[in-house]
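*Asks:* The structure's right below; bear with me while I get my questions together.
There are 2 protein chains.
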Amino acid sequence: MAILERIHLTIIRAVDQHGSLTAAADHLNLTQPALSHCIRKLEDQLGVSVWHREGRNLRLTQAGEWLLAVANRLLPQFTHAEERLQQFAQGERGHLRIGMECHPCYQWLLKIVAPYFDAWPKVDVDVRQKFQFGGIGALFGHEIDMLVTPDPLFKTGLCFEPVFDYEQVLVVGPQHRLRCAEFVEPQQIADETLITYPVPTDRLDIYSQFLIPAGISPRHHKPIETTDIMLQMVAHGRGVAALPRWMVEEYGAKFGVSPVRLGRDGIAKQIFLGYREADADIDYLRAFVDLARAYRVSEGQAR
Amino acid sequence: MAILERIHLTIIRAVDQHGSLTAAADHLNLTQPALSHCIRKLEDQLGVSVWHREGRNLRLTQAGEWLLAVANRLLPQFTHAEERLQQFAQGERGHLRIGMECHPCYQWLLKIVAPYFDAWPKVDVDVRQKFQFGGIGALFGHEIDMLVTPDPLFKTGLCFEPVFDYEQVLVVGPQHRLRCAEFVEPQQIADETLITYPVPTDRLDIYSQFLIPAGISPRHHKPIETTDIMLQMVAHGRGVAALPRWMVEEYGAKFGVSPVRLGRDGIAKQIFLGYREADADIDYLRAFVDLARAYRVSEGQAR
DNA sequence: ATCGAATAATGAATTAATATCATTTTTTTT
DNA sequence: AAAAAAAATGATATTAATTCATTATTCGAT
Numbered sequence: 001m002a003i004l005e006r007i008h009l010t011i012i013r014a015v016d017q018h019g020s021l022t023a024a025a026d027h028l029n030l031t032q033p034a035l036s037h038c039i040r041k042l043e044d045q046l047g048v049s050v051w052h053r054e055g056r057n058l059r060l061t062q063a064g065e066w067l068l069a070v071a072n073r074l075l076p077q078f079t080h081a082e083e084r085l086q087q088f089a090q091g092e093r094g095h096l097r098i099g100m101e102c103h104p105c106y107q108w109l110l111k112i113v114a115p116y117f118d119a120w121p122k123v124d125v126d127v128r129q130k131f132q133f134g135g136i137g138a139l140f141g142h143e144i145d146m147l148v149t150p151d152p153l154f155k156t157g158l159c160f161e162p163v164f165d166y167e168q169v170l171v172v173g174p175q176h177r178l179r180c181a182e183f184v185e186p187q188q189i190a191d192e193t194l195i196t197y198p199v200p201t202d203r204l205d206i207y208s209q210f211l212i213p214a215g216i217s218p219r220h221h222k223p224i225e226t227t228d229i230m231l232q233m234v235a236h237g238r239g240v241a242a243l244p245r246w247m248v249e250e251y252g253a254k255f256g257v258s259p260v261r262l263g264r265d266g267i268a269k270q271i272f273l274g275y276r277e278a279d280a281d282i283d284y285l286r287a288f289v290d291l292a293r294a295y296r297v298s299e300g301q302a303r
Numbered sequence: 304m305a306i307l308e309r310i311h312l313t314i315i316r317a318v319d320q321h322g323s324l325t326a327a328a329d330h331l332n333l334t335q336p337a338l339s340h341c342i343r344k345l346e347d348q349l350g351v352s353v354w355h356r357e358g359r360n361l362r363l364t365q366a367g368e369w370l371l372a373v374a375n376r377l378l379p380q381f382t383h384a385e386e387r388l389q390q391f392a393q394g395e396r397g398h399l400r401i402g403m404e405c406h407p408c409y410q411w412l413l414k415i416v417a418p419y420f421d422a423w424p425k426v427d428v429d430v431r432q433k434f435q436f437g438g439i440g441a442l443f444g445h446e447i448d449m450l451v452t453p454d455p456l457f458k459t460g461l462c463f464e465p466v467f468d469y470e471q472v473l474v475v476g477p478q479h480r481l482r483c484a485e486f487v488e489p490q491q492i493a494d495e496t497l498i499t500y501p502v503p504t505d506r507l508d509i510y511s512q513f514l515i516p517a518g519i520s521p522r523h524h525k526p527i528e529t530t531d532i533m534l535q536m537v538a539h540g541r542g543v544a545a546l547p548r549w550m551v552e553e554y555g556a557k558f559g560v561s562p563v564r565l566g567r568d569g570i571a572k573q574i575f576l577g578y579r580e581a582d583a584d585i586d587y588l589r590a591f592v593d594l595a596r597a598y599r600v601s602e603g604q605a606r
């Protein structure tokens with residue numbers, strides 16, 4: 001009845017990773033003929049080839065490509081299932097895979113993770129940042145257990161809770177003419193070099209909520225990976241940036257940069273924590289959410 | 304290395320479905336001791352029990368419950384993978400699992416499916432309507448291959464294409480005072496019995512886009528499953544309903560009901576077809592999208 | 001061109017895993 | 001108390017998987 005087994009997926013992925021049956025066999029602690037026989041049997045039963053045999057190397061067929069995709073999707077779920085089951089035996093031990101979709105989230109996460117490590121010493125925390133199908137897809141696909149994101153999706157099966165409110169502000173250097181302004185209008189940065197994280201502009205609030213509605217673009221746009229370099233550049237008058245106010249106050253003091261409100265009303269933002277409803281009663285996951293919420297009350301809020 | 308296998312998941316699910324090891328063994332064409340040994344070995348290796356042994360019957364432990372959830376998620380993917388692989392061997396044969404999230408979608412689907420059956424006689428079409436994690440979740444989770452929905456989600460890994468535009472209108476009976484009105488205002492149905500499909504009100508456009516903004520509720524609200532009964536009731540003056548204009552024109556003629564525009568500008572709606580980007584080159588899936596799009600040009604549009 | 005190294009396929013033999021059979025234990029029902 | 005139902009257990013049998021030894025290709029270097 002059942003034809004396709006975990007071992008087949010394992011082999012296909014190992015061959016893809018290591019290039020040959022022989023190499024794959026080494027990594028799996030099996031012999032090359034074992035893998036050969038195993039896949040051959042699968043091919044006979046299903047009536048499809050997994051690889052084109054071209055001389056002494058293997059190239060995936062269309063069916064093989066597809067199987068590889070299945071393998072990449074299912075195998076991590078098997079290993080995670082095994083881990084999770086062993087956790088049931090070992091008490092509060094666990095594995096929390098956190099995904100992130102925005103840069104400010106990362107800074108926030110660092111603050112939460114420190115007390116969490118103390119409270120749950122046996123929980124293994126992974127932080128992941130790139131997802132083939134987006135953060136939501138990663139949650140649904142069981143690649144991660146928790147998502148930190150500014151874009152919640154209130155749909156069946158997922159829970160999102162706001163855990164951090166902040167104001168997105170413009171950051172300007174110590175010599176900047178806007179340094180003491182109460183707020184800026186879009187046209188006031190039409191001549192500036194705008195420094196942002198390397199993200200599509202439609203995912204940057206300063207564009208979608210501030211510049212684009214006013215039909216303005218900055219003179220230059222410079223993408224920078226790291227917050228520190230970004231602040232350095234702003235401090236030296238190389239441009240202006242948009243960051244959360246708390247981040248400017250906290251990290252920006254030593255750079256001598258100042259926050260300025262974006263527009264009369266400012267840009268209000270929230271970060272959300274999302275997880276699968278089904279996981280709501282996993283103790284160490286619940287604890288993370290609680291910690292985040294407690295932190296919100298004690299320290300959070302736009303300041 | 305690998306402990307958890309497909310067979311374990313199969314057994315756990317079968318026991319859950321059939322109530323006992325013995326019954327499960329019968330259905331799997333194995334003996335009761337086979338299953339017993341198999342799960343026992345798993346339990347030894349992982350250090351957790353799958354079931355509480357209470358006398359002669361089994362009750363899932365917490366770990367077991369969790370394993371069952373894994374089984375229900377992964378096993379369909381195995382069977383679907385096998386089917387799909389055999390399709391690679393058998394040409395244009397295939398399996399298209401279509402999910403739907405709205406009632407008008409269903410009427411539309413009926414029109415598309417007829418020519419599709421003719422063009423792809425070997426493709427097996429399934430239509431599913433209930434999803435634990437919503438339609439998007441079902442797409443991400445590989446429960447379905449295509450989603451018909453009024454709420455697209457433009458995210459990585461998914462493609463959504465509009466395939467049908469229509470106007471949502473009020474349907475009134477032959478004696479109704481609004482029968483010849485050019486359009487209605489919200490307050491004009493404050494005294495009516497409103498008949499809708501049995502869906503939360505925030506998912507009904509007549510509420511979210513028409514009544515709620517005006518702060519109006521109808522005197523009564525009656526949920527009805529089927530379009531025919533709904534139209535019957537409207538025809539006999541038992542209330543008014545909200546349906547797509549094309550549906551009123553097509554199915555409503557024999558009932559003598561009339562469409563009336565909702566508000567001065569009407570309520571414009573679109574239905575979208577969503578699928579996984581990775582599946583975009585599956586011929587029989589592509590063909591469905593193409594057919595839907597072709598139909599849109601030739602017959603669709605709000606009329 | 002030829003040799004040698006690398007790699008996959010093959011077939012037989014071996015080993016290991018799995019399933020069965022026969023039986024026991026426990027619990028529930030009558 | 002006996003019978004029936006169900007799971008567990010242990011030994012045996014069966015089946016499946018793995019290895020070993022070998023062959024067949026192919027690719028690269030000389």
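Protein sequences, first through last, are from chains X and P.
So in this note's numbering, spot 288 of the first sequence is number 288, and the numbers just go up one at a time.
Adding 303 to a residue's 1-based position in the second sequence gives its number in this note's numbering.
Quick reminder that beta carbons are idealized off the backbone N, C-alpha and C, glycines included.
Bear in mind that the values here come from a model prediction, so they are computed numbers and not experimental data.
#1: Counting only the same chain and skipping the five closest in sequence on each side, list residues whose C-beta sits under 7 angstroms from that of P/G603.
#2: Determine the burial state of P/A417: buried for a count of at least 16 other Cβ atoms within 10 Å of its Cβ, exposed for fewer.
#3: So which residues on chain P does X/F78 lean against when the C-beta distance must stay under 7 angstroms?
#4: Which residue marks the beginning of the alpha helix (DSSP H) containing P/D531, and which one marks its end?
#5: Give the secondary structure of X/R276 by DSSP, where H, G and I count as helix, E and B as strand, and everything else as coil.
#6: For the beta strand (DSSP E) containing X/Q90, list its first residue and its last residue.
#7: Would the region 419 to 435 of chain P count as touching the region 390 to 405 of chain P if we require 3 or more Cβ pairs under 8 angstroms?
#8: Establish whether the CB of P/H321 and some CB of chain X are separated by less than 8 angstroms.
#9: By the criterion of Cβ-Cβ separation under 8 angstroms, what are the contact partners of P/K458 in chain X?
#10: Which two residues bound the contiguous beta strand (DSSP E) that contains X/R261?
#11: How far does the alpha helix (DSSP H) with P/T325 in it extend, from its first residue to its last?
#12: Within 8 angstroms (strictly less), CB to CB, does P/E385 reach chain X?
#13: Under the three-state reduction of DSSP, which class applies to P/L498: helix, strand or coil?
#14: Kindly identify the DSSP beta-bridge partner or partners of P/C462.
#15: Helix, strand or coil: which one does DSSP assign to P/A374?
#16: Pull up the CB-CB distance for X/V240 and X/V234, whole angstroms please, since I reckon it's below 8 angstroms.
#17: Under 8 angstroms, do X/H27 and X/H18 count as touching if we go by C-beta distance?
#18: Please work out which residues of its chain come closer than 8 angstroms, Cβ to Cβ, to P/E395, disregarding the five sequence neighbours upstream and downstream, and give them in chain order.
#19: Given that a residue counts as buried once 16 or more other Cβ atoms are within 10 Å of its Cβ, and exposed if not, what is P/Q393?
#20: Going by the beta-carbon positions, is the gap between X/V169 and X/L178 smaller than 8 angstroms?
#21: Considering only DSSP beta bridges, list what X/F78 is partnered with.
#22: Determine the direct distance from the alpha carbon of X/H142 to that of X/P198, and round the result to whole angstroms.
#23: Does X/I229 pass the burial test, meaning 16 or more other C-beta atoms within 10 Å, or should it be called exposed?
#24: Determine the chain X residues that contact P/A538 at a beta-carbon separation under 8 angstroms, and present them in chain order.
#25: Residues in the same chain with beta-carbon distance under 8 angstroms from P/G367, minus the five sequence neighbours each way, listed in chain order, please.
#26: Between the region 252 to 267 of chain X and the region 132 to 150 of chain X, are three or more C-beta pairs nearer than 8 angstroms?
#27: For the alpha helix (DSSP H) that contains P/H406, what are its first and last residues?
#28: Just curious, the beta strand (DSSP E) that P/M449 is in, first and last residue?
#29: Our contact map puts X/T156 next to P/G577 with C-beta atoms below 8 angstroms; I'd like the distance itself, whole angstroms only.
#30: For the region 25 to 44 of chain X, list every residue whose C-beta sits within 7 angstroms of some C-beta in chain P, in sequence order.
#31: Which first and last residues belong to the beta strand (DSSP E) in which X/K222 is found?
#32: Does the CB of P/A372 have a neighbour CB from chain X at under 8 angstroms?
#33: Using a Cβ-Cβ cut-off of 8 angstroms, state whether X/A114 counts as contacting chain P.
#34: Once DSSP output is grouped into helix, strand and coil, what is the label at X/D16?
#35: Using a cut-off of 7 angstroms between C-beta atoms, extract the partners of P/L565 located in chain X.
#36: Check X/R312 in the structure and name its three-state DSSP category.
*Replies:* By the coordinates alone:
#1: Sequence index remark: in the second sequence, residue 603 of chain P carries index 300 (1-based). Its pLDDT being 44, under 50, P/G603 is placed unreliably by the model, and nothing is read from it.
#2: Here residue 417 of chain P corresponds to residue number 114 of the second sequence, with the count starting at 1. Label assigned to P/A417: exposed.
#3: Within the first sequence, the letter at position 78 stands for residue 78 of chain X. Going along chain P in sequence order, the residues near X/F78 (Cβ under 7 angstroms) are L307.
#4: Here residue 531 of chain P refers to the residue found at position 228 when the second sequence is read from its first residue. P/D531 -> alpha helix (DSSP H) spans T530 to A538.
#5: Residue 276 of chain X sits at position 276 when you count from the first residue of the first sequence. DSSP places X/R276 in the strand class (E or B) of the three-state scheme.
#6: If you number the first sequence from 1, residue 90 of chain X lands on position 90. DSSP places X/Q90 outside any beta strand (DSSP E), giving it a letter other than H or E.
#7: Contact between the region 419 to 435 of chain P and the region 390 to 405 of chain P is present: 3 or more CB-CB pairs across the two stretches fall below 8 angstroms.
#8: On the second sequence, residue 321 of chain P is found 18 positions in, with the first residue counted as 1. Using a CB distance cut-off of 8 angstroms, P/H321 does not count as an interface residue toward chain X.
#9: For this step, residue 458 of chain P is matched to residue 155 along the second sequence. Those are F133, G134, I136 and G137, listed as they occur along chain X.
#10: Walking along the first sequence from the start, residue 261 of chain X turns up at place 261. Per DSSP, X/R261 belongs to the beta strand (DSSP E) from S258 to L262.
#11: Here residue 325 of chain P refers to the residue found at position 22 of the second sequence. For P/T325, the enclosing alpha helix (DSSP H) has its first and last residue at L324 to L331.
#12: Start at 1 with the first residue of the second sequence, and residue 385 of chain P comes out as number 82. Interface residue, yes.
#13: To locate residue 498 of chain P, count along the second sequence from 1; it is residue 195. A small correction: the amino acid at residue 498 of chain P is Ile; Leu does not occupy that position in the sequence shown. Strand.
#14: Indexing the second sequence from 1 puts residue 462 of chain P at position 159. According to DSSP, which records beta bridges pairwise, P/C462 is partnered with P/Y578.
#15: Counting from 1 along the second sequence, the entry for residue 374 of chain P is found at position 71. Three-state result, P/A374: helix.
#16: Along the first sequence, read from residue 1 onward, the residue named residue 240 of chain X stands at position 240. Along the first sequence, read from residue 1 onward, the residue named residue 234 of chain X stands at position 234. Between X/V234 and X/V240 the Cβ distance is about 6 angstroms, and since that is below 8 angstroms, they are a contact.
#17: For the purposes of this step, residue 27 of chain X is taken as the residue at position 27 of the first sequence. For the purposes of this step, residue 18 of chain X is taken as the residue at position 18 of the first sequence. In contact: X/H27 and X/H18 (Cβ atoms closer than 8 angstroms).
#18: On the second sequence, position 92 is the one that residue 395 of chain P refers to. Answer for P/E395: W423, K425, V426, D586 and Y587, listed in chain order.
#19: Stepping through the second sequence from its first residue, residue 393 of chain P is reached at position 90. Exposed, by the Cβ-count rule.
#20: For the purposes of this step, residue 169 of chain X is taken as the residue at position 169 of the first sequence. For the purposes of this step, residue 178 of chain X is taken as the residue at position 178 of the first sequence. Cβ atoms of X/V169 and X/L178: not closer than 8 angstroms.
#21: By 1-based counting over the first sequence, the position of residue 78 of chain X is 78. According to DSSP, which records beta bridges pairwise, X/F78 is partnered with nothing at all.
#22: Within the first sequence, numbered from 1, the residue matching residue 198 of chain X stands at position 198. Within the first sequence, numbered from 1, the residue matching residue 142 of chain X stands at position 142. Approximately 27 angstroms between the Cα atoms of the pair.
#23: Within the first sequence, residue 229 of chain X is the residue found at index 229, counting from 1. X/I229 comes out exposed.
#24: Within the second sequence, numbered from 1, the residue matching residue 538 of chain P stands at position 235. Near P/A538 there are no residues of chain X at all, since even the closest Cβ is about 35 angstroms away, more than 8 angstroms.
#25: Position 64 of the second sequence holds residue 367 of chain P. Contacts found: I315, S352, V353 and W354.
#26: Flag = no, the region 252 to 267 of chain X and the region 132 to 150 of chain X do not touch.
#27: Working through the second sequence from its first residue, we reach residue 406 of chain P at position 103. Residues H406 to A422.
#28: Within the second sequence, residue 449 of chain P is the residue found at index 146, counting from 1. Segment M449 to T452, the beta strand (DSSP E) holding P/M449.
#29: Residue 156 of chain X sits at position 156 when you count from the first residue of the first sequence. Residue 577 of chain P sits at position 274 when you count from the first residue of the second sequence. At roughly 16 angstroms, the Cβ-Cβ gap does not stay under 8 angstroms, so X/T156 and P/G577 are not in contact.
#30: So nothing in the stretch comes that close.
#31: On the first sequence, position 222 is the one that residue 222 of chain X refers to. Segment H220 to P223, the beta strand (DSSP E) holding X/K222.
#32: Locating residue 372 of chain P in the second sequence gives position 69, where the first residue counts as 1. Taking 8 angstroms as the CB threshold, P/A372 lines the interface with chain X.
#33: For the purposes of this step, residue 114 of chain X is identified with residue 114 of the first sequence, where counting begins at 1. By this cut-off, X/A114 is not an interface position.
#34: For this step, residue 16 of chain X is matched to residue 16 along the first sequence. DSSP places X/D16 in helix when its eight states are reduced to three.
#35: Against the second sequence, residue 565 of chain P aligns to sequence position 262. Within chain X, no residue has its beta carbon less than 7 angstroms from that of P/L565; the closest one is some 26 angstroms off.
#36: Chain X is shown only over 1 to 303; residue 312 of chain X falls outside these bounds and no answer can be derived.
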